[in-house]
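Asks: Before I ask anything, let me first share the structure, which is written out below as structure tokens.
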Amino acid sequence: MRIQKILVASDLSQRSRHALHRAIRLAAAHDAELHILNVVDEELPGPVARGIRAAATETLTELIEELVPESQPGSEIDIRFGDVSKTIVRIAEQSGADLIVLGPHRSRGLAELFRGTTLERVARAARLPVLMVASPPQDGYRHVIVGVDFSPSSRKAVDAAATLAPGARMTLATAYHIPFKHFIDRAEPGDSDIRAEKRRIERELREGLSSFEEECPARSKGYAHAFIEGGSAESLIGYAEERGADLICVGSHGRSWLAGAFLGSTARELFSSAPCDVLVAPG
12 MRIQKILVAS DLSQRSRHAL HRAIRLAAAH DAELHILNVV DEELPGPVAR
62 GIRAAATETL TELIEELVPE SQPGSEIDIR FGDVSKTIVR IAEQSGADLI
112 VLGPHRSRGL AELFRGTTLE RVARAARLPV LMVASPPQDG YRHVIVGVDF
162 SPSSRKAVDA AATLAPGARM TLATAYHIPF KHFIDRAEPG DSDIRAEKRR
212 IERELREGLS SFEEECPARS KGYAHAFIEG GSAESLIGYA EERGADLICV
262 GSHGRSWLAG AFLGSTAREL FSSAPCDVLV APG
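Going by this note's numbering, the residue at position 61 of the sequence shown is 72; the numbering climbs one at a time, nothing skipped.
Laid out in structure tokens, this is it:
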């Protein structure tokens, strides 16, 4: 996988400004084209929509002049009318983008209970990686945590993370539940059967990770490993905060026999609660 074209969707908010800034940095780092998309609600009256389109073009042009280095190739501004999430996915695929960049979701109340956020809908439908930019970029990514559950989806997550941030320190993290953990925590030294079960689970996880790594890209060999007890999203968020990671990467779907499904519930929760940027690779 190579990143040759990046599509960043902007709603002109401060959140989208951070996403645009990160997309510009990534485009420079990967020598990639930058496609900047703003989607105007198709249900707005014609004169209102045309006014918004003109204002969006002007605002994005000013932002690009402010953020893009003079030595970087020009960026394409694209204003469309339509459903936001469907238009983002359609334009990304039609333009041949390799990555979609978005800001964090904006709460829209009860509608999200039935339809999900724009970010979630894009990640669910897109056939390419989706990057959520949660904070202003300071530099290139330095430490990436990749959630691994040994599924094909998490293998794609490893590849996407290695492609996006080739110079970053990377940790492959597996979250898991231990059955009857309450009893294990209270076990006496003589309760060998319970403790043996805990050791067996952790041994099998290590063996699974070893096999998993053999099928990953060559550049993923030698990454650090972490086994974290608890729910997937909660554990990844806590581990990222503890280690000062600036990017968490997961696959959009995963295996349910580990702690949660790595857009499974883990990706959705990371979008809403992660302390850093989140990259979701397609399943």
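All C-beta atoms in this analysis are idealised placements derived from N, C-alpha and C, irrespective of residue type, glycine included.
Which runs of the alpha helix (DSSP H), 4 residues or longer, sit entirely within the stretch 36-69?
Replies: Entirely contained in the stretch 36-69, not one alpha helix (DSSP H) run reaches 4 residues.
Asks: Can you say whether P115 is buried or exposed, counting buried as having 16 or more other CB atoms within 10 angstroms of its CB?
Replies: Under this definition P115 is a buried residue.
Asks: Quick one, which of T70, A43, H29 and S165 has its alpha-carbon nearest N49's?
Replies: T70
Asks: Return yes when the Cβ of L220 is within less than 8 Å of the Cβ of T185, no when it is not.
Replies: yes
Asks: Cα separation between E253 and H154?
Replies: Their Cα atoms are separated by approximately 12 Å.
Asks: Out of curiosity, what's the CA-to-CA distance linking R36 and E226?
Replies: 30 Å
Asks: Work out the CA separation of M143 and L23 for me, nearest whole Å.
Replies: L23 and M143: Cα-Cα distance of roughly 15 Å.
Asks: Within 10 angstroms of the Cβ of A65, are there 16 or more other Cβ atoms? Answer buried if so, exposed if not.
Replies: exposed
Asks: With DSSP collapsed to three states, give me the class of L71.
Replies: Helix at L71.
Asks: If you measure between the beta carbons of I102 and V133, is that distance less than 8 Å?
Replies: No.
Asks: G107 to A176, Cα distance in whole Å?
Replies: Cα to Cα, the separation comes out at about 20 Å.
Asks: State buried or exposed for V141, treating a residue as buried only when at least 16 other CB atoms are found within 10 Å of its CB.
Replies: buried
Asks: On a Cα-Cα basis, can you pick out the residue from E215, G151, F238 and A136 that is closest to V291?
Replies: A136
Asks: Count the other C-beta atoms from every protein chain shown that fall within 10 angstroms of the C-beta of V19, then say buried if there are 16 or more, exposed otherwise.
Replies: buried
Asks: Do you know offhand how far R138's Cα is from S146's?
Replies: If you draw a straight line from the Cα of R138 to the Cα of S146, it is about 25 Å long.
Asks: Less than 8 Å between the C-beta atoms of S3 and G62, yes or no?
Replies: Residue 3 lies beyond the range of the chain shown here (12 to 294); nothing can be said about it.
Asks: Among the residues of its own chain, which have a CB less than 7 Å from the CB of L216, if the five just before and after it don't count?
Replies: T185, Y187 and F238
Asks: Say whether chain C places a C-beta atom closer than 8 Å to the C-beta of T185.
Replies: The structure shown contains no chain C; it holds only a single protein chain.
Asks: Just verifying my parser: in three-state terms, what is the DSSP assignment at A172?
Replies: helix
Asks: Using the Cα positions of E213 and G151, report the straight-line distance between them to the nearest angstrom.
Replies: 34 Å
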